[in-house]
Amino acid sequence: MLEIFRELFDASGLSVLTIKQVIMWLIAMIVMYLAIKKEFEPLLLLPIGFGILLANLPKAHLMEENMLLWFFYNYGIKTEIIPCLIFLGLGALTDFGPLISNPKNLLLGAAAQGGVYITYFGAILA
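The sequence shown begins at 1 in the working numbering and counts up one residue at a time.
This is the structure in structure tokens:
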């Protein structure tokens with residue numbers, strides 16, 4: 001019976017768990033708490049917290065070839081597509097409420113949107 005528990009413990013990943021991973025789990029939980037309960041930038045903090053959690057799973061091997069994080073890194077980060085999409089998404093989330101209430105802000109809003117698209121296409125062409 002003890003041998004079965006030993007095999008379960010070894011297979012679960014807890015046998016290779018380090019204090020660094022536990023600290024990162026705590027940071028991930030804090031970031032996700034701030035996103036969900038306190039509603040501090042949930043569209044940014046929730047995916048960041050989930051990514052921290054995924055990256056620090058023991059024995060997950062998510063960065064090995066043809067695994068989940070390997071695809072994100074090689075096809076998204078190395079090709080610089082994901083940062084461009086983040087900038088594009090943040091620009092698309094711009095609140096136009098102040099623009100409607102004060103039409104003089106049209107130039108400021110247009111410059112912000114133009115800057116997002118110029119950055120996006122400039123990053124792709126670079």
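Don't be surprised by glycine CBs; every beta carbon is placed ideally from N, CA and C.
task = Give a yes or no on whether the C-beta atoms belonging to Ala28 and Leu53 are separated by under 7 Å.
result = In the sequence shown, residue 28 corresponds to position 28, counting from 1. In the sequence shown, residue 53 corresponds to position 53, counting from 1. In contact: Ala28 and Leu53 (Cβ atoms closer than 7 Å).
- Expressed to the nearest angstrom, what Euclidean distance is found between the alpha-carbon atoms of Leu107 and Tyr120? On the sequence shown, position 107 is the one that residue 107 refers to. On the sequence shown, position 120 is the one that residue 120 refers to. Their backbone Cα atoms lie some 20 Å apart in a straight line.
For Pro58, does the three-state DSSP call read helix, strand or coil? Counted from its first residue, the sequence shown places residue 58 at position 58. The answer is coil: DSSP assigns Pro58 none of H, G, I, E or B.
If distances are taken between C-alpha atoms only, which option among Asp10, Ile118, Ala60 comes closest to Phe87? Counted from its first residue, the sequence shown places residue 87 at position 87. When only C-alpha atoms are compared, the closest one is Ile118.
Q. Roughly how many angstroms lie between the CA atoms of Ala55 and Met32, to the nearest whole one?
A. Here residue 55 refers to the residue found at position 55 when the sequence shown is read from its first residue. Here residue 32 refers to the residue found at position 32 when the sequence shown is read from its first residue. Whole-angstrom Cα-Cα distance: 15 Å.
ask   = Given that a residue counts as buried once 16 or more other Cβ atoms are within 10 Å of its Cβ, and exposed if not, what is Leu45?
value = Translated into positions along the sequence shown, residue 45 becomes position 45. That one is buried.
Specify the secondary structure class of Thr79 as computed by DSSP and reduced to three states. The count along the sequence shown starts at 1 and reaches residue 79 at position 79. Coil.
Q) Whole alpha helix (DSSP H) runs in the region 1-79 with 4 or more residues, listed along the chain? A) 2-12, 19-36, 42-55, 68-72
How about Leu17 and Pro58: do their beta carbons lie closer than 7 Å? Counted from its first residue, the sequence shown places residue 17 at position 17. Counted from its first residue, the sequence shown places residue 58 at position 58. Contact: yes.
* Residue-chain proximity (Leu8, chain C), Cβ-Cβ < 7 Å -> Considering every chain present, this structure includes no chain C. It has just one protein chain.
**Q.** Inter-residue Cα distance where the pair is Gly13 and Phe72
**A.** As a working note, residue 13 is residue 13 in the sequence shown. As a working note, residue 72 is residue 72 in the sequence shown. Each residue's alpha carbon lies about 23 Å from the other.
- [ ] Tell me whether Phe87 sits in a helix, a strand or coil according to DSSP, three-state version.
- [x] Translated into the one-based positions of the sequence shown, residue 87 becomes position 87. Reduced to three states, the DSSP call for Phe87 is helix.
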